[in-house]
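Protein chains: 2
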Amino acid sequence: METLSSLKNSRVMAWRSLKDRKGRLETGSFLVEGIKMVQEALASDYPVETLLLQEGFTPAAPLPEHIPAFLLPPHVFSAVCDTKTPQGIAAVVRLQPRPAAGPRLIALDQVQDPGNVGTILRTADAAGFDGALLAPGCADVFSPRVLRATMGSVFHLGLSFPAELPEALKDLRSRGYAVLSSQLDGEPFFERPPIPAPFVLILGNEGNGVSPAVQATATHRFRLPMPGRAESLNVGVAAGIMMYDLIR
Amino acid sequence: METLSSLKNSRVMAWRSLKDRKGRLETGSFLVEGIKMVQEALASDYPVETLLLQEGFTPAAPLPEHIPAFLLPPHVFSAVCDTKTPQGIAAVVRLQPRPAAGPRLIALDQVQDPGNVGTILRTADAAGFDGALLAPGCADVFSPRVLRATMGSVFHLGLSFPAELPEALKDLRSRGYAVLSSQLDGEPFFERPPIPAPFVLILGNEGNGVSPAVQATATHRFRLPMPGRAESLNVGVAAGIMMYDLIR
Chain B
1 METLSSLKNS
11 RVMAWRSLKD
21 RKGRLETGSF
31 LVEGIKMVQE
41 ALASDYPVET
51 LLLQEGFTPA
61 APLPEHIPAF
71 LLPPHVFSAV
81 CDTKTPQGIA
91 AVVRLQPRPA
101 AGPRLIALDQ
111 VQDPGNVGTI
121 LRTADAAGFD
131 GALLAPGCAD
141 VFSPRVLRAT
151 MGSVFHLGLS
161 FPAELPEALK
171 DLRSRGYAVL
181 SSQLDGEPFF
191 ERPPIPAPFV
201 LILGNEGNGV
211 SPAVQATATH
221 RFRLPMPGRA
231 ESLNVGVAAG
241 IMMYDLIR
Chain S
1 METLSSLKNS
11 RVMAWRSLKD
21 RKGRLETGSF
31 LVEGIKMVQE
41 ALASDYPVET
51 LLLQEGFTPA
61 APLPEHIPAF
71 LLPPHVFSAV
81 CDTKTPQGIA
91 AVVRLQPRPA
101 AGPRLIALDQ
111 VQDPGNVGTI
121 LRTADAAGFD
131 GALLAPGCAD
141 VFSPRVLRAT
151 MGSVFHLGLS
161 FPAELPEALK
171 DLRSRGYAVL
181 SSQLDGEPFF
191 ERPPIPAPFV
201 LILGNEGNGV
211 SPAVQATATH
221 RFRLPMPGRA
231 ESLNVGVAAG
241 IMMYDLIR
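Here it is, written out as structure tokens:
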């Protein structure tokens with residue numbers, strides 16, 4: 001296995017650039033860190049391009065032989081990784097998600113907090129949803145913070161990145177999907193008539209909610225009741241409550 | 001209004017210490033930042049001891065005259081505040097929560113992430129819960145990050161800090177509360193028989209769940225179904241799903 005010891009090595013520099021969206025778009029790849037995320041990547045449909053190991057790290061299972069692997073001294077491995085105390089293994093993965101398809105989808109409209117985006121994908125995966133549409137303005141799914149918050153669920157969901165979310169939702173609607181918007185002026189969510197799949201649940205921006213152009217595409221508009229005194233719910237929590245109620 | 005211009009002023013130093021648990025315990029007070037949080041503090045049962053204003057900040061409404069107020073130049077105000085871009089107003093509040101009481105309670109067992117603790121309190125408030133028991137080992141409710149994540153809900157809930165959570169839960173149980181533990185080996189949550197109030201819902205540590213000594217006090221043990229491929233849910237999301245289902 002080849003060792004790369006210099007921070008100025010061109011490959012090392014390319015891997016370091018994957019922390020930023022620009023670097024990911026230029027190379028068409030992203031970096032996952034840690035044992036679980038690398039296992040999830042290897043088990044997924046995403047092509048794993050390269051494995052990176054910190055000197056001294058011993059994999060629990062043999063690594064796939066057809067994937068190029070490099071050994072990095074600790075200071076180089078740390079520079080490539082985003083986590084403060086990396087586990088000693090990382091993988092460069094081709095940015096090649098399968099598109100969102102299936103009867104149960106979510107759509108994120110400018111959900112900006114990386115933790116919220118990651119948590120929503122994790123919950124969608126747990127609830128058995130099929131995929132997510134992510135509008136421009138959402139935190140980048142393939143950024144280190146979102147990837148961590150997904151806990152591997154990024155590899156389980158179809159993911160689409162429509163340039164115009166309203167157009168994508170209109171298209172789903174024309175194909176028979178119920179388009180569900182969560183907004184403060186909607187109808188009480190728990191009093192809704194049954195909504196059979198296929199459906200797509202829209203979650204909006206942390207401060208401003210679902211944007212008007214996206215609201216306009218909805219077949220149903222709902223709000224969660226708040227019998228207490230809080231004025232709003234965290235969007236990740238609201239997403240979880242609604243997704244779990246929709247699958248009951 | 002007195003102006004305090006020195007970072008070495010003893011009062012300024014005391015306020016700066018409120019970012020840390022040690023400083024809060026020594027002074028018996030905590031600091032809230034921003035217009036909304038100060039309004040919530042003033043409207044609450046918590047005694048507000050002091051108001052802090054950045055030079056140039058104009059309150060939208062007159063400040064209560066009986067509360068001492070100080071004017072701070074920007075560099076001093078920023079040093080007292082935890083937020084990167086403070087809004088110009090903060091308040092020193094007496095650490096004097098009303099105890100958790102009422103028919104719908106939550107109990108947090110070593111929930112360590114400040115964002116999770118704050119989000120759970122916000123959701124509990126939204127869902128109309130009455131209060132929260134926080135075991136030692138939880139993120140400190142009165143730390144800047146938890147306070148921010150509560151979005152003001154910290155002022156709406158009763159809060160108790162039992163030294164021994166199992167003892168506190170046994171006491172609630174002896175007073176007729178159903179004690180509900182959320183754990184991966186529990187019964188399917190959505191198939192439960194109706195559980196009338198009073199009840200207390202226990203949420204556990206992000207990695208390890210509800211600790212065995214706390215599980216042992218439960219009258220009911222539940223798990224949320226995960227028909228998809230994720231192995232777990234974020235504790236704040238799980239809390240929201242269960243709280244909202246319990247109040248339906």
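Taken in sequence, the protein lines are chains B and S.
Just so it is clear: in the first sequence, position 53 is 53 by the numbering used here, and no numbers are missing.
Just so it is clear: in the second sequence, position 214 is 214 by the numbering used here, and no numbers are missing.
Just so you know, even glycine gets a beta-carbon here, dropped at the ideal spot from N, CA and C.
Should residue i be labelled buried (16 or more other beta-carbon atoms within 10 Å of its own) or exposed?
i, result
"P103 of chain B", "exposed"
"D185 of chain B", "exposed"
"P136 of chain B", "exposed"
"P188 of chain B", "exposed"
"G28 of chain S", "exposed"
"R122 of chain S", "buried"
"G176 of chain B", "exposed"
"D113 of chain B", "buried"
"R248 of chain B", "exposed"
"S143 of chain S", "buried"
"A60 of chain S", "exposed"
"T85 of chain B", "exposed"
"T83 of chain B", "exposed"
Roughly how many angstroms separate the alpha carbons of residue i and residue j, rounded to a whole number?
i, j, result
"L108 of chain S", "P194 of chain S", "23 angstroms"
"R192 of chain B", "V179 of chain B", "14 angstroms"
"R173 of chain B", "Q110 of chain B", "20 angstroms"
"F57 of chain S", "P64 of chain S", "16 angstroms"
"P227 of chain S", "D130 of chain B", "11 angstroms"
"V92 of chain B", "Q183 of chain B", "38 angstroms"
"H156 of chain B", "A126 of chain B", "10 angstroms"
"R98 of chain S", "V235 of chain S", "25 angstroms"
"L42 of chain B", "L246 of chain B", "31 angstroms"
"V117 of chain S", "R145 of chain S", "9 angstroms"
"L31 of chain S", "L133 of chain B", "40 angstroms"
"P77 of chain S", "G88 of chain S", "Looking at the sequence itself, residue 77 of chain S is Phe, so the reference to Pro does not match. The straight-line gap from Cα to Cα measures roughly 8 angstroms."
"C138 of chain S", "L25 of chain S", "16 angstroms"
"D171 of chain B", "D45 of chain S", "52 angstroms"
"Q39 of chain B", "K8 of chain S", "53 angstroms"
"H220 of chain S", "F199 of chain S", "10 angstroms"
Quick one: is residue i near chain B, going by C-beta distance under 8 angstroms?
i, result
"V268 of chain S", "In the structure as shown, chain S begins at 1 and stops at 248. Residue 268 of chain S is therefore absent and cannot be evaluated."
"A127 of chain S", "yes"
"P198 of chain S", "no"
"N234 of chain S", "yes"
"P103 of chain S", "no"
"T85 of chain S", "no"
"V237 of chain S", "yes"
"I202 of chain S", "no"
"Q244 of chain S", "Looking at the sequence shown, residue 244 of chain S is not Gln but Tyr. So, interface residue."
"F222 of chain S", "no"
"F190 of chain S", "yes"
"T119 of chain S", "yes"
Is residue i close to chain S, meaning its C-beta is less than 8 angstroms from at least one C-beta of that chain?
i, result
"G115 of chain B", "yes"
"S270 of chain B", "Chain B is shown from 1 up to 248; residue 270 of chain B falls before or after that span and cannot be answered."
"R122 of chain B", "yes"
"I241 of chain B", "yes"
"P193 of chain B", "no"
"F30 of chain B", "no"
"P227 of chain B", "yes"
"R248 of chain B", "yes"
"T58 of chain B", "no"
Applying a beta-carbon distance threshold of less than 8 angstroms, which residues of chain A neighbour residue i?
i, result
"A230 of chain B", "Protein chains B and S are contained in the structure displayed, whereas chain A is not."
Rank the options by C-alpha distance to the C-alpha of residue i and give the top, closest one.
i, options, result
"E49 of chain B", "B:A69, B:P59, B:R223 and B:S78", "B:A69"
"I120 of chain S", "S:D245, S:S5, S:G240 and S:Y244", "S:G240"
"M1 of chain B", "B:E33, B:H220, B:L51 and B:M13", "B:L51"
"F222 of chain B", "B:P196, B:F190, B:V214 and B:F199", "B:F190"
"G23 of chain S", "S:V80, S:L72, S:D45 and S:A124", "S:V80"
"E206 of chain S", "S:S181, S:T219, S:L233 and S:F199", "S:L233"
"L105 of chain S", "S:P196, S:A230 and S:S6", "S:P196"
"A101 of chain B", "B:H75, B:P162, B:K36 and B:K8", "B:P162"
"M243 of chain B", "B:L4, B:S10, B:S6 and B:L203", "B:L203"
"T3 of chain B", "B:P74, B:A238, B:R229 and B:T219", "B:P74"
"I67 of chain S", "S:R94, S:A218, S:A60 and S:A14", "S:R94"
"S5 of chain S", "S:P62, S:T85 and S:E55", "S:E55"
"M151 of chain B", "S:Q215, S:A90, S:E231 and S:K84", "S:E231"
"R11 of chain B", "B:P62, B:M37 and B:L72", "B:L72"
Comparing the CB of residue i with every heavy atom of the ligand ADP, is any distance shorter than 7 angstroms?
i, result
"S143 of chain B", "Absence of the ligand ADP is noted for the structure shown, with no ligands found whatsoever."
Does the region 205-217 of chain S come within contact of the region 153-167 of chain S, defined as at least 3 CB pairs closer than 8 angstroms?
-> yes
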